[in-house]
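Per this note's numbering, the sequence shown starts with residue 25, numbered consecutively. Don't be surprised by glycine CBs; every beta carbon is placed ideally from N, CA and C. Keep in mind that this is a model prediction, so the values were computed, not measured.
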Amino acid sequence: MVLGVALVVFAVLQANGWLIALGLCLVVSAGFVVWDAAVRRLDVDDGGLRLVAPFRSRRIRWEDVSEVRPDAHGPWATRLVAVRRDGEVLSLPVAPTDTELVERWRIAAARPHSQHSDASGEGWSG
């Protein structure tokens with residue numbers, strides 16, 4: 025990102041159009057990378073998961089989760105994913121070795137669904 029900003033400043037000083045365009049592309053690309061890697065948080069409680077990201081949070085009830093597993097097999101795993109009953113796969117910002125999250129899901133999955141269900145089942149966003 026710093027390289028892109030420096031390139032834009034240099035290009036403006038030199039009045040070179042293609043360097044300005046290249047610098048802006050670098051800045052925008054770096055911005056997307058930073059945005060994607062923005063600090064995300066996962067809150068876990070007896071009711072389910074809450075994914076917190078910039079400008080948005082999403083609540084997923086344990087009843088809607090059919091599986092919690094690593095995103096790949098063996099040493100290729102980089103994080104855990106939660107698979108919803110409708111097939112949607114949610115990437116979770118935790119290491120694939122996070123056994124506490126998997127254990128909480130197993131405990132919640134063993135409970136009767138009526139204990140924590142609501143009318144929508146979707147949770148909330150906001």
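| Query | Result |
| --- | --- |
| Euclidean distance between Cα positions of residue 132 and residue 86 | 6 Å |
| Span of the beta strand (DSSP E), counted from its first residue to its last, around residue 91 | 89 to 94 |
| Inter-stretch contact (C-beta, 8 Å, three-pair minimum) for the segment 48 to 67 and the segment 115 to 127 | yes |
| Same chain only: Cβ atoms within 7 Å of residue 128, ignoring 5 sequence neighbours per side | 68 |
| Distance between residue 58 and residue 93 (C-alpha atoms, nearest Å) | 26 Å |
| Cβ pair residue 107, residue 90 closer than 8 Å | yes |
| Boundaries (first-last residue) of the alpha helix (DSSP H) holding residue 132 | 123 to 134 |
| Own chain residues within Cβ distance below 7 Å of residue 125, not counting five before or after | 68, 92, 104 and 118 |
| Helix, strand or coil at residue 98 [DSSP, three-state] | helix |
| Limits of the unbroken beta strand (DSSP E) element including residue 116 | Premise fails: residue 116 is in no beta strand (DSSP E) and is neither H nor E. |
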